[in-house]
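Working notes, beginning with the structure itself.
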Amino acid sequence: IMTLVSMRRLSILLIVLSSLSCGLTEDDSAGVAGENNLWWAALALTQSSDASSGSSGGSGNTPGCSGTIRMFVSDDTFSGNLGGKANAGTLCSADANRLSGCTGTVAVLSVAGDLIRDMPTTYNFCSNARIVGSNGTQIADNWSDLLDGTTDATLAAAMTGGVSAPQSVHSGSLADGSLSTGNNCSNYGSTAGNNAYGATNNAAQSIYSGSTIACTSTIRILCLCY
Numbered sequence: 128i129m130t131l132v133s134m135r136r137l138s139i140l141l142i143v144l145s146s147l148s149c150g151l152t153e154d155d156s157a158g159v160a161g162e163n164n165l166w167w168a169a170l171a172l173t174q175s176s177d178a179s180s181g182s183s184g185g186s187g188n189t190p191g192c193s194g195t196i197r198m199f200v201s202d203d204t205f206s207g208n209l210g211g212k213a214n215a216g217t218l219c220s221a222d223a224n225r226l227s228g229c230t231g232t233v234a235v236l237s238v239a240g241d242l243i244r245d246m247p248t249t250y251n252f253c254s255n256a257r258i259v260g261s262n263g264t265q266i267a268d269n270w271s272d273l274l275d276g277t278t279d280a281t282l283a284a285a286m287t288g289g290v291s292a293p294q295s296v297h298s299g300s301l302a303d304g305s306l307s308t309g310n311n312c313s314n315y316g317s318t319a320g321n322n323a324y325g326a327t328n329n330a331a332q333s334i335y336s337g338s339t340i341a342c343t344s345t346i347r348i349l350c351l352c353y
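Numbering follows my numbering, in which position 7 of the sequence shown is assigned residue number 134; successive positions increment by one, without gaps.
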């Protein structure tokens with residue numbers, strides 16, 4: 128199957144060949160020089176196209192990207208005052224259940240301006256990647272599948288490290304990864320108010336259990352390794 132880059136390269140070369148076939152004679156030394164210049168220009172353009180294409184690899188919006196994203200549940204429990212979403216990611220990175228080989232580790236939470244549903248774009252990872260738990264069990268086919276209302280396996284079934292039993296995880300989200308307004312402990316910076324949470328033992332409630340708890344309650348963080 129011809130890629131977009133290959134089609135672009137072919138179009139450039141066809142334009143060059145068309146130019147060479149018009150107005151040049153065997154005795155026209157200037158034409159020969161022009162021919163050489165056109166060939167070099169074509170090569171430069173195709174190389175530029177390749178480089179431009181390569182620079183977009185890994186983006187959450189790159190068509191056809193693949194691979195595996197891993198999730199784990201923290202060993203430690205925390206109140207709703209996580210110090211914000213960025214600090215929650217730091218807590219994930221320092222947790223006993225953290226995974227190795229990650230380019231980045233982030234908490235799966237929704238706060239204002241940084242929602243779970245938008246995380247592939249926000250954190251530049253592949254939205255089409257398969258999502259698995261820390262024991263390798265598949266949780267979802269891709270990011271959309273994670274947020275379609277039910278996962279392939281419960282988070283509990285996909286986890287190791289002492290969290291295979293039912294647990295609650297901070298979320299701040301509705302099931303589709305959008306913000307649960309007023310239910311995210313003031314963007315996870317306070318113990319006041321209520322906290323929308325996910326349930327690790329229910330495939331239909333992984334991101335949102337349908338309930339809230341007080342932000343003073345200590346529960347686990349759902350973490351993402353990409």
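For every residue, glycine included, the Cβ atom is placed at its ideal position computed from N, Cα and C.
Note to self: Beta-carbon within less than 7 Å of G210's beta-carbon, same chain only, minus the 5 sequence neighbours each way: which residues are those?
What the structure shows: G316
Around the Cβ of S193, are there at least 16 other Cβ atoms within 10 angstroms (buried) or fewer (exposed)? With fewer than 16 Cβ atoms within 10 Å of its Cβ, S193 is classed as exposed.
Does the region 223 to 231 come into contact with the region 329 to 340, if we say contact requires no fewer than three beta-carbon pairs (one atom in each stretch) closer than 8 Å? no
Would you call the region 235 to 250 in contact with the region 297 to 311, where contact means no fewer than 3 C-beta pairs closer than 8 Å? yes
Nearest-angstrom beta carbon gap, T278 and S261 [assumed within contact, 8 Å]: Actually they are not in contact, since the Cβ atoms of S261 and T278 sit about 15 Å apart, beyond 8 Å.
Would you decide whether S338 is buried or exposed? Buried here means 16 or more other CB atoms lie within 10 Å of its CB.
With a threshold of 16 other beta carbon atoms within 10 Å, S338 falls short and is exposed.
| How about C350 and A213: are their beta carbons less than 8 Å apart? | no
Can you tell me the Cα-Cα spacing of S300 and F205, whole angstroms? 17 Å
Taking only three categories from DSSP, how would you classify M246? DSSP places M246 in helix when its eight states are reduced to three.
Check your understanding: Under 8 Å between the Cβ atoms of V296 and I258?
Key -> no
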